[in-house]
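This report refers to the structure that appears directly beneath it.
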Amino acid sequence: MHSAQELVSQIEALTSLPTVYERVREQLESPEGSVFEVARLVSADPALTARLLRLVNSAMYGHRGEIDNVVRAVQILGLQQVHDLVLAMSLHAVFAGIRPAQLDMNRFWRDSVLCALASRSIAQHAGAVAVERSFVMGLLADIGHLVLFQTAPELAAEARTIAEQGDEPLHLIERRIVGCDFAEVGATLMDQWRVPRAFAEAIGA
118 MHSAQELVSQ IEALTSLPTV YERVREQLES PEGSVFEVAR LVSADPALTA
168 RLLRLVNSAM YGHRGEIDNV VRAVQILGLQ QVHDLVLAMS LHAVFAGIRP
218 AQLDMNRFWR DSVLCALASR SIAQHAGAVA VERSFVMGLL ADIGHLVLFQ
268 TAPELAAEAR TIAEQGDEPL HLIERRIVGC DFAEVGATLM DQWRVPRAFA
318 EAIGA
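Take the sequence shown: its position 160, counted from the start at 1, is 277 in my numbering, and no numbers get skipped.
In structure tokens, the structure reads:
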């Protein structure tokens with residue numbers, strides 16, 4: 118039997134997130150967090166800059182005229198939205214090299230993106246302000262499965278097979294066979310990365 122902490126600690130690539138995320142998170146958590154410092158951090162990463170500008174110029178924000186200034190983009194989106202965007206891109210970088218043999222990664226990411234899009238849509242219709250946070254939470258909802266299949270592939274596959282052949286919920290089967298379920302593993306990973314507590318609470322629910 119395995120604990121969630123034991124499984125998460127087995128993947129060296131998951132021990133931390135990219136430095137740019139760590140710096141942006143520090144700015145978000147600091148009472149003296151600076152829009153200009155966050156803009157400087159984002160500007161150092163061309164891919165992140167492009168994604169940020171694409172987001173702020175999307176129909177969601179409805180601004181007249183194109184916004185091509187990173188500082189202005191950060192001011193419009195706010196530090197929390199920028200934090201969540203950097204987190205999403207950091208996750209892609211971290212998990213790029215992880216491909217469990219017994220997990221269909223194309224299907225996994227397709228389902229994760231669909232969940233993220235649905236979460237964002239629900240947040241938009243509800244009039245929520247932090248829609249990108251809802252997107253990232255949806256993207257991370259099943260991330261514990263990825264860790265389970267990477268660290269305990271036989272047990273994870275056995276649990277999924279039993280769930281597909283019967284009526285018992287997957288998370289209960291995982292607890293019985295593995296020792297913990299995918300939600301516990303996902304929440305533990307969020308805590309290890311020191312992302313805002315809301316992520317661990319949502320994923321572990």
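Glycine is no exception: its CB is placed at the ideal position from the N, C-alpha and C atoms.
Query, Result
"Determine contact between the region 256-275 and the region 212-221, defined as no fewer than three beta-carbon pairs at a distance below 8 Å.", "yes"
"Taking C-alpha atoms, which residue in L256, M254, D298 lies nearest to A274?", "D298"
"So, with DSSP's three-state summary, where would you put I128?", "coil"
"Determine the DSSP secondary structure at G294, reduced to helix, strand or coil.", "Looking at the sequence itself, residue 294 is Ile, so the reference to Gly does not match. In this structure, I294 counts as helix in the three-state DSSP scheme."
"Since V187 is in the alpha helix (DSSP H), which residue starts that stretch and which ends it?", "187-194"
"Which class does Q219 belong to by DSSP, given the choice of helix, strand or coil?", "coil"
"Taking only three categories from DSSP, how would you classify D259?", "coil"
"Spatial neighbours of V307 within its chain, please: CB distance less than 7 Å, with the 5 preceding and 5 following residues excluded, ordered by chain position.", "Note that residue 307 is Met in the sequence shown here, rather than Val. Correct list, in chain order: F316, A317, I320."
"Here's a check: name, in chain order, each residue in its chain whose Cβ is nearer than 8 Å to the Cβ of G296, leaving out the five neighbours to either side.", "M118, H119, S120"
"Give the C-beta separation of Q197 and R277 to the nearest angstrom, bearing in mind that I take them to be a contact with Cβ-Cβ under 8 Å.", "No, Q197 and R277 are not in contact; Cβ-Cβ is about 35 Å, not under 8 Å."
"Rounded C-beta distance between V125 and T305? I'm assuming under 8 Å.", "5 Å"
"Of the residues A240, D201, W226, which one's Cα is nearest the Cα of D259?", "W226"
"Going by C-alpha distance, which of I239, L134, L289, Q144 is nearest M206?", "L134"
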